[in-house]
Amino acid sequence: MRRTALLLVAGLALSGCVVDASVTQAPPAPAAAGGVPGGMQYLYGSGEAAALSVQAYNALVDQVRTRMAKDDPKGPHPRNSVVLTSDSTLSVPRFQPCGDKPAAAVFDVDETLLLNLGYESDDAQRSGGWDSARWDRWEKTGAMKVAAVPGAIDAVRALRALGVTVVFNTNRAAANAAETEAALNFAGLGPAKHGETLFLKGDVDGKSAKDGRRGAIAQRWCVVAMGGDQLGDFTDLFAGLTPPERRAGAASPVIGSMWGRGWFVLPNPVYGTGLGSTYDQTFPPATRWTDPQEKH
Ligand SMILES: [Mg+2]
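Heads up: the sequence shown at position 208 corresponds to 245 in our numbering, and the numbers run straight through without jumps.
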């Protein structure tokens, strides 16, 4: 996960975790009962979000279990990773070959496997903008103030029991690797080992975009599933696109075929690249309606 300075520039009172600095961030949903922003109520407080998360993890494990039962690394049929090759486009995606590599599942960390309850409980009481120094202090000291996303613990256990290595690919800081390992262990999601199964911002290619790390992971493992709460957790090809372009690309026939079939999305209405569409981008003109009672 990377929280960008873009939010500071925008001066927004947003607890913003973004993986794609090219997408403008919008303010969070207005605070409602108890002063908790609507997105936080949904993600951290609702049964509906818990159900969505468990649904994603159930589907992921079922899909991997089915694949592992029929995958034969020594067999005649080539196996493909769910990681795109570097020459892929959204309209023509290609996938890394697996050869006889061992299987792995790759996950983002924040709001994919871990809920940052401590940080967000503090942020919910603030009206200021994003503060990267505060997030760094959170990474350093918040390991015991997190919780696993519903369904995540059972999923990583099931994957490991199937012989699938669980790999973490996050934009948390490499300088805080030990604390992030501790947070994952505290939440019941470990083991995670930096340099082995934990990839952090800047690892491999010095970038915050994740394709370089995904490529390195795919060199070592046959990636059979990926989980994330941002499109950048699956490919960097959405970077720089407008919200309508991102939405169209995600739902296009070729990319759309990946959701629930190798790529699994967790809900995040609190921060990130899913927020930021304007009124015009959100509501196409042809769909707009005005209450007839208010017409003169
Ligand atoms: Mg995330």
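Using N, Cα and C, we set each Cβ at its ideal position, and we do this for glycine too.
C-beta atoms of residue i and residue j nearer than 8 Å
{"i": "Phe132", "j": "Val143", "result": "no"}
{"i": "Pro304", "j": "Ser158", "result": "no"}
{"i": "Ala211", "j": "Ala180", "result": "no"}
{"i": "Thr24", "j": "Asp160", "result": "Residue 24 is absent from the model: the chain starts at 38 and stops at 333."}
{"i": "Ala141", "j": "Val302", "result": "no"}
{"i": "Lys182", "j": "Glu216", "result": "no"}
{"i": "Phe275", "j": "Arg283", "result": "yes"}
{"i": "Tyr37", "j": "Leu154", "result": "Coverage of the chain is limited to positions 38 through 333, which leaves residue 37 absent and any answer about it impossible."}
{"i": "Val204", "j": "Leu150", "result": "no"}
{"i": "Ala246", "j": "Asp273", "result": "yes"}
{"i": "Gly286", "j": "Leu127", "result": "yes"}
{"i": "Leu199", "j": "Glu218", "result": "no"}
Near ligand 1: residue i beta-carbon under 7 Å from a heavy atom
{"i": "Asp160", "result": "no"}
{"i": "Glu157", "result": "no"}
{"i": "Glu148", "result": "yes"}
{"i": "Asp145", "result": "yes"}
{"i": "Asp266", "result": "yes"}
Anticipated Cβ contact below 8 Å, residue i with residue j, distance rounded
{"i": "Val291", "j": "Val201", "result": "Wrong, their Cβ atoms sit about 25 Å apart, outside the cutoff."}
{"i": "Val101", "j": "Leu237", "result": "That belief does not hold up - the Cβ atoms of Val101 and Leu237 are roughly 24 Å apart, past 8 Å."}
{"i": "Ala192", "j": "Leu97", "result": "6 Å"}
{"i": "Cys135", "j": "Arg163", "result": "Contact flag wrong, Cβ pair sits at about 46 Å."}
Host beta strand (DSSP E) of residue i (start-end)
{"i": "Ser294", "result": "Run containing Ser294: none; DSSP gives neither H nor E here."}
{"i": "Met263", "result": "259-265"}
{"i": "Leu278", "result": "Segment: none, Leu278 is in no beta strand (DSSP E) and carries neither H nor E."}
{"i": "Asn117", "result": "117-121"}
Boundaries (first-last residue) of the alpha helix (DSSP H) holding residue i
{"i": "Thr202", "result": "Not the alpha helix (DSSP H): Thr202 falls in the beta strand (DSSP E), residues 202-210."}
{"i": "Trp175", "result": "169-178"}
{"i": "Ser90", "result": "84-107"}
*Quick check: the segment 296-316 against the segment 263-277, are there 3 or more CB pairs under 8 Å?*
yes
*Would the segment 222-242 and the segment 110-130 be scored as touching if the rule is three or more Cβ pairs under 8 Å?*
no
*Decide if the segment 244-261 is in contact with the segment 223-230; the criterion is three or more beta carbon pairs, one per stretch, under 8 Å apart.*
no
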